[in-house]
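Asks: Starting off with a structure, shown below.
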Amino acid sequence: LAKTTQPISMDSYEGQEVNITCSHNNIATNDYITWYQQFPSQGPRFIIQGYKTKVTNEVASLFIPADRKSSTLSLPRVSLSDTAVYYCLVGAATTGTASKLTFGTGTRLQVTL
Amino acid sequence: DSGVTQTPKHLITATGQRVTLRCSPRSGDLSVYWYQQSLDQGLQFLIQYYNGEERAKGNILERFSAQQFPDLHSELNLSSLELGDSALYFCASSPPGQAYNEQFFGPGTRLTVL
């Protein structure tokens with residue numbers, strides 16, 4: 001499984017855009033990049049997934065360069081409720097159902113006024 | 001609310017005991033996954049079932065076992081409990097036929113072993 005490296009923590013003020021970068025130098029050809037969010041004492045929640053270029057949904061954007069060795073999760077105009085741990089995961093999406101998730105240490109985002 | 005339910009929410013027991021954690025997946029989901037989250041180990045995958053059959057195994061101890069029943073609910077059995085088994089146990093489910101790694105996590109069961 002491709003190993004991921006992301007900052008341990010980040011701080012931001014409310015209303016700012018936050019970019020969390022994850023490096024995954026040994027990503028395989030059939031690997032997808034997936035981000036999850038976790039609040040204290042709650043289960044992780046899927047945010048976004050992509051393979052290459054840019055993916056956007058109502059919550060976030062995911063930027064993936066051509067070499068796919070890194071990715072950046074972008075959270076527009078964060079609020080206090082975005083304070084959470086964000087996990088970057090890399091792995092193949094198997095046919096039939098989702099594959100097991102391998103979580104790293106994640107990035108703890110703290111948003112303040 | 002993800003649609004995945006877990007019971008009980010909290011469980012306090014003593015070392016050497018055995019407990020059963022229960023999970024009901026979202027309607028229509030065939031896969032169930034179990035994860036353990038402890039302070040020192042982070043979130044770790046334990047085991048996956050798909051439509052009643054074991055699909056993948058992670059770092060699950062021999063003292064732990066799981067099964068998925070015909071109605072697709074799953075149970076995680078933990079026996080000969082040790083202090084180090086104290087953790088949050090999450091169940092997740094995912095629908096069949098999807099090509100991406102979205103899993104829906106339940107609220108978790110907090111196990112405390114005294």
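Protein sequences, first through last, are from chains C and R. Here the first sequence stands for residues 1 to 113, where the numbers follow the numbering used here. Here the second sequence stands for residues 1 to 114, where the numbers follow the numbering used here. Every residue gets a Cβ at the ideal spot worked out from N, C-alpha and C, and that includes glycine.
Under 8 Å, CB to CB, which of the residues in the segment 43-65 of chain C have a partner in chain R?
Replies: Cβ contacts with chain R: Gly43, Pro44, Arg45, Phe46 and Gln49.
Asks: Between R:Leu78 and R:Pro96, what straight-line distance do the alpha-carbon atoms span, to the nearest angstrom?
Replies: Computed Cα separation, rounded: 28 Å.
Asks: What's the gap between the Cα of R:Leu89 and the Cα of C:Ala84?
Replies: Per the sequence shown, residue 89 of chain R should be read as Tyr rather than Leu. When rounded, the distance between both Cα atoms is 19 Å.
Asks: Between which two residues does the beta strand (DSSP E) harbouring C:Lys53 extend?
Replies: Residue identity differs from the one stated: residue 53 of chain C is Thr in this sequence, not Lys. Element bounds for C:Thr53: Thr53 to Thr56.
Asks: Using CA atoms only, rank isn't needed, just tell me which of R:Val32, R:Asn51 and R:Phe64 is closest to R:Glu102.
Replies: Among R:Val32, R:Asn51 and R:Phe64, the Cα nearest to that of R:Glu102 is on R:Val32.
Asks: Residues of the segment 32-46 of chain R in Cβ contact with chain C at a cutoff of 7 Å, in chain order, please.
Replies: If the cut-off is 7 Å between Cβ atoms, the segment 32-46 of chain R has Tyr33, Gly42, Leu43 and Phe45 near chain C.
Asks: Mind pulling the chain C residues with CB within less than 9 Å of R:Gly28?
Replies: In chain order: nothing, as chain C lies at least about 12 Å away.
Asks: With three or more C-beta pairs closer than 8 Å as the rule, is the segment 63-73 of chain R touching the segment 18-31 of chain C?
Replies: The answer is no - the segment 63-73 of chain R does not touch the segment 18-31 of chain C, with fewer than three Cβ pairs under 8 Å.
Asks: Counting only beta-carbon separations shorter than 7 Å, does C:Phe39 have a partner in chain R?
Replies: Not one chain R Cβ lies under 7 Å of C:Phe39.
Asks: Since R:His10 sits in a beta bridge, which residues does DSSP pair it with?
Replies: R:Arg110.
Asks: Contact between the segment 19-38 of chain C and the segment 67-86 of chain C is defined here as three or more beta-carbon pairs at a separation below 8 Å; is this criterion met?
Replies: Result yes; three or more Cβ-Cβ pairs closer than 8 Å.
Asks: Could you tell me whether the segment 8-15 of chain C touches the segment 102-110 of chain C, where touching means 3 or more Cβ pairs closer than 8 Å?
Replies: Short answer: they touch.
Asks: By Cβ distance, which residues of its chain are closer than 8 Å to C:Ala60, with the 5 residues on each side in sequence left out?
Replies: Closer than 8 Å at Cβ, skipping near neighbours: Trp35, Ile47, Ile48, Leu73, Ser74, Leu75 and Pro76.
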